[in-house]
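Peer 1: First, the structure itself, so that you have it in front of you.
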Amino acid sequence: MTATYQIAETARRSGLPATTLRYYEDIGLVVAADRTDAGYRLYDDRSLAKLAFIARAKQLGCTLEEITDLVTAWEGERCEPVQAR
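See below:
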């Protein structure tokens, strides 16, 4: 069974505020792994790894648009658009 974390625990583990996690979900950068019956977001270890990747890219000065492209490549999708930029 995969470990899951509610948003407060994910925020603590990632070092990102819950508001940032909600924003990233709103723009499609990160998606909650699932929701509880009560509607609480649940994140998994893969989500935490993606958040760490995003945080590192932000520290390097990447914009959210650039990070979106990088996340696509990081997830194993096509990297041609990133290479072209």
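Residues in the sequence shown are numbered from 17 upward in steps of one, following our numbering. Just so you know, even glycine gets a beta-carbon here, dropped at the ideal spot from N, CA and C.
1. When you compare the CB positions of LEU86 and ALA73, do they come within less than 8 Å of one another, or not?
2. Secondary structure at TYR21, three-state DSSP: helix, strand or coil?
3. Assuming LEU37 contacts ASP50 under a Cβ cut-off of 8 Å, what Cβ separation, rounded to an integer in Å, is found between them?
4. With C-beta atoms as the reference, is VAL46 less than 8 Å away from LEU67?
5. Residue range of the alpha helix (DSSP H) that LEU76 falls in?
Peer 2: This is what the structure gives:
1. Less than 8 Å divides the Cβ of LEU86 from the Cβ of ALA73.
2. Secondary structure of TYR21 (DSSP, three-state): strand.
3. Contact doesn't hold; Cβ gap of about 14 Å is too wide.
4. Yes; because the gap between Cβ atoms is below 8 Å, this pair is in contact.
5. From DSSP, LEU76 is part of no alpha helix (DSSP H); its letter is neither H nor E.
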